[in-house]
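Below: one structure, written as structure tokens.
Chains as they are written, first to last, in this note's numbering: chain V, 3 to 461; chain B, 110 to 313.
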């Protein structure tokens, strides 16, 4: 019987069926952060429960910490950070806190430490846990009650999802990155188009990506509603498993971690790689994007009154006029960071644009490397010098920072940000803040131009 | 069996919230997430829609208007609850007195979080949702029969989708963690079958 990669992963982790129709699945590895775990630990305490298998968990501080220094910027964030450390000490769980050389954004830290390998099942109280699909592992985000459930039982209650394959064949044009590929898929499938599906990405444009690019694609798959995203493991994956602190410590053999050739998916989507251009979002949902050479939509582009109303609302919030050219949108801030695009490969791409150039007058430009190890590597390669010479502020500590503005990096009401992050929701980067999503190289181009700009014009 | 005699009906005024893609950043803005408890989130829920920058109520927002200020049901747009996994969004909605959201589709993590907290999410067809938006706009009451998977409002009587496990959880109001620990033997059995290289151990 031919099976999809997703079905193989679920089958391999099924513990038992439950009477109500769910199943219990086994969680090989669970990651926690400081803001979605406190109530899970207090739930354990209230029920008098222990952690089932403490060594299978890792806690990382990343969401609320300042990135200007390794000291918490206020008492509220300190409380969350200290609370996580205390919970980990009490339950004997690994904790990578501020000042630890392994600290950083959880989804950057895990691959860097060699903690993901094909065939694993990984859960984390963070929606971008889909990132691990890049390794042929089943990763998905969970809520705090489920964090408690994993801590207490090492399992989750689970319902098998439908499967979707997104096939992206064809060579992408120069200047088109993994970020543009996934933004294109979000645009085509829609923000909720993959609700209830596990999505497998396939095709030559995906095969041609390095691991950082594959992680960007799987990371943002949640923006089309996919609870899980997968890319079959291959020789690129194998090569990426070597050289980390946990390398060689575990392996999940026994299955081939790819879909069988005759496996049938519930839904198939095809995107032409050659037709993808560098994209920017103009609205307040990640599927509201246009090529950088194009214009913000006009009401007459839409038929349904609902779509017209949605356009109007987005434009009002974003402070844009319909039909405005993408490159006429002037920015206040440029932000490079987040679990989507803060890896060393992302910083290199942005630095290529910035070398020998200056950030436009009046633009505040910030780069937050995804982890302490990424920062040190980037500094050794001379990237910090390039960013700083161009006028970027190079942050000494790692974290989510302005992606969701839970620390002190909060965009002001009306402030317009070119951002290498994953969500352009209303209020995401600060109340009234206006976010335009794009690749890190496009953020660098916008920082130099002072407005959204085409990376292909920066030779 | 006792469980089969339990019933669950949700009845009340419904507020129309027709916007598509309402995300959990909008439901629960991040400035209210710096907390280690589940409590005290009612006023934070939909805060940027309900309150202006000075903290006063925005009179044009539906939940600030009579009779919808008393609504315990929302009729919502497509893909409600997308984005961040923050369960705080569901805790806040429950503390605000919301018992159910009727929509056409919900983001996966939000759906699971809702089930853990007794927030019912009946899934209906787009046509039914549009009819119910009108009912809600008129301030009329809606009744959700969770056992029968049926919604009634005036002349409207429509089925809704809800998977069996979620339906059972809502009716019984069970604790999933304690419930699952009854299967601890099966978990140990699974673990006994794992090769040593399949047991992750994180370096401290």
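For glycine and all other residues, C-beta sits at the position ideal for the given N, C-alpha and C.
Inset, instruction - Measure the alpha-carbon distance for residue 219 of chain V versus residue 174 of chain B and round it to whole angstroms. - result: Cα to Cα, the separation comes out at about 42 Å.
Inset, instruction - Please name the residues in the region 19 to 31 of chain V whose beta-carbon is closer than 9 Å to at least one beta-carbon of chain B, in chain order. - result: Those residues of the region 19 to 31 of chain V that come within reach of chain B (Cβ to Cβ, closer than 9 Å) are 20, 21, 22, 23, 24, 26, 28, 30, 31.
Legend entry - Backbone CA spacing between residue 213 of chain V and residue 382 of chain V [nearest angstrom]: The straight-line gap from Cα to Cα measures roughly 21 Å.
Legend entry - Boundaries (first-last residue) of the beta strand (DSSP E) holding residue 150 of chain V: Taken as a continuous stretch (DSSP letters only), residue 150 of chain V belongs to no beta strand (DSSP E), being part of the alpha helix (DSSP H) at 146 to 155.
Inset, instruction - Take residue 244 of chain B as the anchor and find which of B:115, B:270, B:124, B:119 has the nearest alpha-carbon. - result: The residue among B:115, B:270, B:124, B:119 with its C-alpha nearest the C-alpha of residue 244 of chain B is B:124.
Inset, instruction - Let me know if residue 55 of chain V comes out buried or exposed under the rule of 16 or more other beta-carbons within 10 Å of its beta-carbon. - result: That one is buried.
Legend entry - Backbone secondary structure at residue 112 of chain B - three-state DSSP: Legend: pLDDT at residue 112 of chain B = 43, less than 50; position of this residue unreliable, no value from coordinates given.
Inset, instruction - Work out the CA separation of residue 271 of chain B and residue 164 of chain V for me, nearest whole Å. - result: Going from the Cα of residue 164 of chain V to the Cα of residue 271 of chain B covers about 16 Å.
Inset, instruction - Please find out if some non-hydrogen atom of the ligand SAM comes closer than 7 Å to the beta-carbon of residue 186 of chain B. - result: Judged by which ligands are present, the structure shown has none, so any question about the ligand SAM falls away.
Legend entry - Cβ-Cβ separation, residue 446 of chain V to residue 103 of chain V (assumed contact under 8 Å), whole Å: Not a contact, Cβ separation roughly 27 Å.
Inset, instruction - Return the residue from the list V:224, V:153, V:292, V:366 that minimises the CA-CA distance to residue 189 of chain V. - result: The shortest C-alpha separation from residue 189 of chain V is found at V:292.
Inset, instruction - Whole angstroms is fine: what's the gap from residue 312 of chain B's alpha carbon to residue 288 of chain B's? - result: Computed Cα separation, rounded: 31 Å.
Legend entry - Beta-carbon neighbours of residue 102 of chain B, restricted to chain V and to distances below 7 Å: As shown, chain B starts at 110 and ends at 313. That puts residue 102 of chain B outside it, with no answer to give.
Inset, instruction - Say whether chain B places a C-beta atom closer than 8 Å to the C-beta of residue 41 of chain V. - result: Cβ-Cβ to chain B under 8 Å: yes for residue 41 of chain V.
Inset, instruction - Give the straight-line distance between the Cα atoms of residue 328 of chain V and residue 288 of chain V, rounded to the nearest whole angstrom. - result: Approximately 16 Å, taken between the alpha carbons.
Legend entry - Segment limits, beta strand (DSSP E) that includes residue 281 of chain V: The continuous beta strand (DSSP E) containing residue 281 of chain V extends over residues 281 to 283.
Legend entry - C-alpha distance - residue 358 of chain V paired with residue 339 of chain V, whole-angstrom precision: Straight-line Cα distance between these residues: approximately 21 Å.
Inset, instruction - Compute the beta-carbon to beta-carbon distance between residue 335 of chain V and residue 392 of chain V, rounded to the nearest angstrom, for a pair I have assumed lies under 8 Å. - result: About 15 Å; that fails the 8 Å criterion.
Inset, instruction - Spell out whether any CB of chain V is found under 8 Å from the CB atom of residue 203 of chain B. - result: No - not a single Cβ of chain V is within 8 Å of the one on residue 203 of chain B.
Legend entry - CB contact check: residue 112 of chain B to chain V, cutoff 8 Å: Because the pLDDT of residue 112 of chain B is 43, which lies under 50, any placement of that residue in the model is unreliable, and the question is left without a value.
Legend entry - For residue 252 of chain V and residue 319 of chain V, the rounded distance between their alpha carbons: Taking the straight line from one Cα to the other gives about 49 Å.
Inset, instruction - Grab me the residues of residue 17 of chain V's own chain with a C-beta within less than 8 Å of its C-beta, minus the 5 sequence neighbours each way, in chain order. - result: These residues qualify, in order along the chain: 25, 26, 27, 28, 157.
Legend entry - Contacts that residue 152 of chain B makes with chain V (C-beta to C-beta distance below 8 Å): Residues of chain V passing the Cβ test: none, with the nearest at roughly 15 Å.
Inset, instruction - Tell me the start and end of each unbroken alpha helix (DSSP H) in the region 362 to 426 of chain V that is at least 4 residues and wholly inside, in chain order. - result: Those alpha helix (DSSP H) runs which fall completely within the region 362 to 426 of chain V and span 4+ residues are 374 to 382, 385 to 392.
Inset, instruction - Please work out which residues of its chain come closer than 6 Å, Cβ to Cβ, to residue 99 of chain V, disregarding the five sequence neighbours upstream and downstream, and give them in chain order. - result: Cβ within range, chain order: 63, 87.
Legend entry - the region 109 to 123 of chain V touching the region 246 to 260 of chain B, judged by at least three CB pairs closer than 8 Å: The region 109 to 123 of chain V makes no contact with the region 246 to 260 of chain B, as fewer than three CB pairs between them are under 8 Å.
Legend entry - Inter-residue Cα distance where the pair is residue 402 of chain V and residue 337 of chain V: Those two C-alpha atoms are separated by around 11 Å.
Inset, instruction - Measure from the C-beta of residue 277 of chain B to each C-beta in chain V and report whether the shortest distance is under 8 Å. - result: Contact of residue 277 of chain B with chain V is assigned, a C-beta pair being separated by under 8 Å.
Inset, instruction - Classify residue 185 of chain V as helix, strand or coil using the three-state DSSP reduction. - result: Reduced to three states, the DSSP call for residue 185 of chain V is helix.
Legend entry - Pair within 8 Å by beta-carbon distance, residue 214 of chain B and residue 133 of chain B: Going by C-beta atoms, residue 214 of chain B is not nearer than 8 Å to residue 133 of chain B.
Inset, instruction - Please check if any C-beta of chain B sits within less than 8 Å of the C-beta of residue 8 of chain V. - result: No - not a single Cβ of chain B is within 8 Å of the one on residue 8 of chain V.
Inset, instruction - Quick one: grab the DSSP three-state call for residue 118 of chain B. - result: The answer is strand: DSSP assigns residue 118 of chain B an E or B state.
Inset, instruction - Compute the beta-carbon to beta-carbon distance between residue 253 of chain B and residue 119 of chain B, rounded to the nearest angstrom, for a pair I have assumed lies under 8 Å. - result: About 4 Å separates the two Cβ atoms, so the contact holds.
Inset, instruction - Rounded to whole angstroms, what's the CA-CA distance from residue 395 of chain V to residue 205 of chain V? Just pull it up for me. - result: Distance from the CA of residue 395 of chain V to the CA of residue 205 of chain V, rounded to the nearest whole angstrom, comes to 38 Å.
Inset, instruction - Step through the CB atoms of chain V and report whether any lies within less than 8 Å of the CB of residue 196 of chain B. - result: Interface with chain V (8 Å Cβ-Cβ cutoff): residue 196 of chain B is included.
Inset, instruction - Just grab the DSSP bridge partners of residue 219 of chain B for me. - result: Bridge partners of residue 219 of chain B: none, in fact.
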